[in-house]
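Below: the structure, in structure tokens.
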Amino acid sequence: GAGVSQTPSNKVTEKGKYVELRCDPISGHTALYWYRQSLGQGPEFLIYFQGTGAADDSGLPNDRFFAVRPEGSVSTLKIQRTERGDSAVYLCASSPQGAAYGYTFGSGTRLTVV
Amino acid sequence: GNSVTQMEGPVTLSEEAFLTINCTYTATGYPSLFWYVQYPGEGLQLLLKATKADDKGSNKGFEATYRKETTSFHLEKGSVQVSDSAVYFCALGDVSGSRLTFGEGTQLTVNP
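Order-wise, the sequence lines are chains A and B. Converting from the first sequence to this note's numbering requires adding 798 to each position, the first position being numbered 1. With the first letter of the second sequence counted as 1, position 111 gets the number 100 in this note's numbering; the numbers rise by one all the way through.
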């Protein structure tokens, strides 16, 4: 596609529920990244995929967070047993060459846990 | 580990004023450096980048020079416009290519 697409744009969920956030990267981009941006802060790295595999998942805060990219294109970030502290904007980005050359970001999914 | 420190905001300027937003970094090796911009209601956009020492990145009248001796990448524009009002993020790309480390962002408001 023309840009990185993220759905939904907004998600409100109750504490304890499970959520899935979807990212559709730019066609042909092998590198895909997830970041989390809290209000008034810069984005924080969560996980990086090169193709289908998670090359670096060291930014995932705990085992409630998990992400997949089964066919090397679309990725899903999954959060189990959501907590109010998970409320943030979740950003996806893709790149043809990796972080050293910059990314294209999607508009993000605003997650609110009530 | 890698870190990025930006000047605290918010910054408020009049149209046609000179802009500087300071950014310093701590990193191992020779990272790439970036400025991203987030306009109201929009996603992060790459504004400019520099991949090695003494490189100057430029775009839309904005410039930043990669200064290894001072570990800095300050953003400058000679004459700001109202349309430049946004949040600006300095970022560092690690040499392994796996992630960007962002500063906390600087809110710029330009008044007519």
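Glycine included, C-beta positions come from ideal geometry on N, C-alpha and C. Keep in mind that this is a model prediction, so the values were computed, not measured.
Legend entry - Touching by the beta-carbon criterion (3+ pairs, under 8 Å), the stretch 878 to 887 of chain A and the stretch 57 to 72 of chain B: no
Legend entry - Rounded separation between F864(A) and G(-2)(B) - CA only: 34 Å
Inset, instruction - Quick one: grab the DSSP three-state call for D855(A). - result: coil
Legend entry - CB contact check: R88(B) to chain A, cutoff 9 Å: yes
Inset, instruction - Identify whether V84(B) lies in helix, strand or coil by the three-state DSSP scheme. - result: coil
Legend entry - Contacting positions in the stretch 828 to 839 of chain A - beta carbon closer than 9 Å to chain D: Considering every chain present, this structure includes no chain D. Its protein chains are A and B.
Legend entry - Among S3(B), T15(B), G(-10)(B), the one whose alpha carbon lies nearest that of S72(B): S3(B)
Inset, instruction - Quick one: measure Cβ to Cβ for A39(B) and L81(B), integer angstroms, because I've assumed they're closer than 8 Å. - result: So it is not a contact: roughly 11 Å between Cβ atoms.
Inset, instruction - Determine, using beta carbons only, whether F51(B) and K66(B) come nearer to each other than 9 Å. - result: yes
Legend entry - Beta-carbon contacts of H827(A) that lie in its chain and below 7 Å, excluding the five residues immediately before and after: S892, S893, P894
Inset, instruction - Consult DSSP for D884(A) and reduce its assignment to one of helix, strand or coil. - result: helix
Legend entry - The beta strand (DSSP E) enclosing D822(A), as first and last residue numbers: 817 to 822
Legend entry - Where S47(B) falls: helix, strand or coil (DSSP): strand
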